[in-house]
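Numbering (my numbering), first residue to last: 133 to 278. The structure under discussion appears below in the form of structure tokens.
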């Protein structure tokens, strides 16, 4: 997929890899990184990792796409939550890879309608579009009251 018009460019700088530091050009994000203990790293308190950063971005982007899908379907949403679980491990080809499990809760809708909106959002979300065919993405939809 090639962009025909670019509206915004995010900029972040990493130094020191998985056990280093990340900053954004607007200095809002200025955080230490640490490889989790489960991956053989130190798992330093107060530090994050690339998978957590990806999970945060994917969850926020997907909820935005869900809002677009709901507006297109003339459905009002309230109390929606999106939780992204990003797995890290060995890939089939012997290298490393990630997977994504999205847990979307849309209170107040029938299950079938909620699932339709989640599928529509999956087709709209830039993260979903970027990962399509590249990583395993699982969608889990619930309609539990908040």
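C-beta atoms are modelled at their ideal positions from N, C-alpha and C, and glycine is treated no differently.
- Secondary structure of residue 275 (DSSP, three-state): coil.
- For residue 200, DSSP records no beta bridge to any residue.
- For residue 146, same chain residues with a beta-carbon under 8 Å away, outside a window of 5 residues either side, are 152, 153, 154, 165 in chain order.
- Taking 7 Å as the cut-off, the Cβ atoms of residue 190 and residue 216 count as close.
- Residue pairing by DSSP puts residue 232 in a beta bridge opposite 218, 269.
- With fewer than 16 other Cβ atoms inside 10 Å of its own Cβ, residue 140 counts as exposed.
- Annotation: residue 192 to residue 198 spans about 10 Å, alpha carbon to alpha carbon.
- Taking the Cα positions, residue 226 is about 42 Å away from residue 209.
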